[in-house]
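Take a look at the structure below.
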Amino acid sequence: MSISKIRSILYKSAKYLGDINAIKRAVKKGDFTPILKRIIRRIYGHITSSRIPK
């Protein structure tokens, strides 16, 4: 397995860990704000992504 393959697997899992963390914070606070902020950040990241479409 190449380093880039390992890196992409780790990056994808880190994204989902961030989502889980936002959910845990929301439950702890009793507020939907951490999840909403996470959703907005994910959408913003997709919009401003530097990936060039094929």
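First residue of the sequence shown: 3, per this note's numbering; consecutive thereafter. Note that CB positions come from ideal geometry on N, CA and C, so glycine has one too. This structure is a prediction, so every number in the text was calculated from the model and none was measured.
Spatially closest choice to residue i from the options, by CA coordinates
i	options	result
residue 40	32, 50, 28, 51	28
residue 47	10, 12, 17, 8	17
residue 21	43, 51, 7, 49	43
Contact belief for residue i with residue j at Cβ below 8 Å, rounded distance in angstroms
i	j	result
residue 37	residue 24	5 Å
Residue i (DSSP reduced to helix, strand or coil)
i	result
residue 47	helix
CA-to-CA distance, residue j to residue i, given in whole angstroms
i	j	result
residue 11	residue 35	28 Å
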